[in-house]
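The block underneath contains the structure these notes are about, expressed in structure tokens.
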């Protein structure tokens, strides 16, 4: 009996060992079945790399990202132009150009390689489009409104740069290239520009020195010093001051009335008439009102708006002494401007103006249009 018992034990032990071997084999095969996907062959890795190089083509295999949120998308061709981002980039470049020029100015040298010039860029609704425009408030930009400053750096030996602003290709190229940023800067300072179609806006420019001498000192500083804001006048009041009939818009009648009253009320004609100080002050005020009335009636485009020969109130500031204003610019196509901008040996940038500066002209135009 002991013999049979020992033999049974040996038999069970052999079965247990066999079962252990089978179980171990099974567990090992299961572990191989859950191998990580990234342990691929070199062929599959090459296929994935080719699909990355051909992204966007049909039939490619997209590579999955190990990071949460998926793979980073490549920028699509023809992506929408971010004008706000481009404007900030341009303003930073403007500051850089100014700092570079300051360093050059501080150098104790007689010769230098580059010259930096600044211009004031103005915008208005095209007179030809203004006739049929039914946008509320559009009259406030019917005359030129300063909207941006342009900085232009060029080589000193570059020919044709010192010609009149209207004939300077560099200025025209820069305004054409930055027209989207300029439009955006104008709309940020005066919301009315957001309502005007961009293709209905035209641009002009003049050297910054000319603007400050003939425009800024007259309009901005004069306005800030006048608490009553008496340097603006509605056309209804202007007609009364010039003794014109209601609704009169005839340029010859307006000029004739102005000449008649300005001659009558001119301060030089009052000398020697023994007037009191109060009477002299009143006469000076009346003469000023007549002048303001004429400017108000002359605001906006006169004559044939589509001819390009008309002159506005903004253009008339400074009289004959102000000769550097370009007038309406004919912009270049965007692609042509971009190619010329890249090929040119110069740098350029634009920056926006303070809203109160822009609104001074918008408000004045709006008041004059009433």
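In this note's numbering, the protein residues as written are 69 to 438.
Yeah, the Cβ is synthetic: ideal placement off N, Cα and C, and Gly gets one too.
For residue i, the residue or residues it bridges with in DSSP
| i | result |
| --- | --- |
| residue 160 | Bridge partners of residue 160: none, in fact. |
| residue 220 | 185 and 416 |
| residue 245 | Looking at the DSSP assignment, residue 245 forms no beta bridge with any residue, so it has no partner. |
| residue 177 | Answer by DSSP bridge pairing: none, since residue 177 is not bridged. |
| residue 213 | 191 |
Whole-angstrom distance between residue j and residue i, CA atom to CA atom
| i | j | result |
| --- | --- | --- |
| residue 183 | residue 433 | 35 angstroms |
| residue 258 | residue 251 | 10 angstroms |
| residue 407 | residue 150 | 20 angstroms |
| residue 398 | residue 248 | 15 angstroms |
| residue 186 | residue 275 | 6 angstroms |
| residue 200 | residue 174 | 53 angstroms |
| residue 152 | residue 179 | 38 angstroms |
| residue 155 | residue 332 | 52 angstroms |
| residue 304 | residue 324 | 18 angstroms |
| residue 317 | residue 326 | 13 angstroms |
| residue 270 | residue 253 | 14 angstroms |
| residue 263 | residue 363 | 27 angstroms |
| residue 334 | residue 355 | 6 angstroms |
| residue 283 | residue 243 | 20 angstroms |
| residue 389 | residue 148 | 44 angstroms |
| residue 321 | residue 345 | 33 angstroms |
| residue 391 | residue 280 | 14 angstroms |
| residue 384 | residue 236 | 22 angstroms |
CB of residue i within 8 angstroms of CB of residue j, strictly
| i | j | result |
| --- | --- | --- |
| residue 419 | residue 158 | yes |
| residue 361 | residue 319 | no |
| residue 215 | residue 421 | yes |
| residue 169 | residue 189 | no |
| residue 417 | residue 219 | yes |
| residue 193 | residue 209 | yes |
| residue 268 | residue 211 | no |
| residue 288 | residue 205 | no |
| residue 409 | residue 272 | no |
Cβ shell of residue i (< 6 angstroms), same chain only, five flanking positions each side left out
| i | result |
| --- | --- |
| residue 357 | 309 |
| residue 412 | none |
| residue 161 | 417 |
| residue 439 | Residue 439 lies beyond the residue range present for the chain, which begins at 69 and ends at 438; the question has no answer from this structure. |
Own chain residues within Cβ distance below 7 angstroms of residue i, not counting five before or after
| i | result |
| --- | --- |
| residue 207 | 433, 434 and 437 |
| residue 292 | Note that residue 292 scores a pLDDT of 36, beneath 50, so its modelled location is shaky and nothing firm can be said. |
| residue 246 | 158 and 418 |
| residue 165 | 184, 219, 221, 415 and 417 |
Residue i - DSSP class collapsed to helix/strand/coil
| i | result |
| --- | --- |
| residue 437 | coil |
| residue 192 | strand |
| residue 276 | helix |
| residue 269 | strand |
| residue 15 | This structure cannot speak to residue 15, because the chain is shown only from 69 to 438. |
| residue 204 | coil |
| residue 357 | helix |
| residue 349 | helix |
| residue 288 | helix |
Close beta carbons around residue i, own chain, < 8 angstroms, minus the five adjacent residues each side
| i | result |
| --- | --- |
| residue 313 | 307 |
| residue 240 | 397, 398, 399 and 400 |
| residue 429 | 211, 212, 213, 214, 287 and 382 |
| residue 427 | 257 and 258 |
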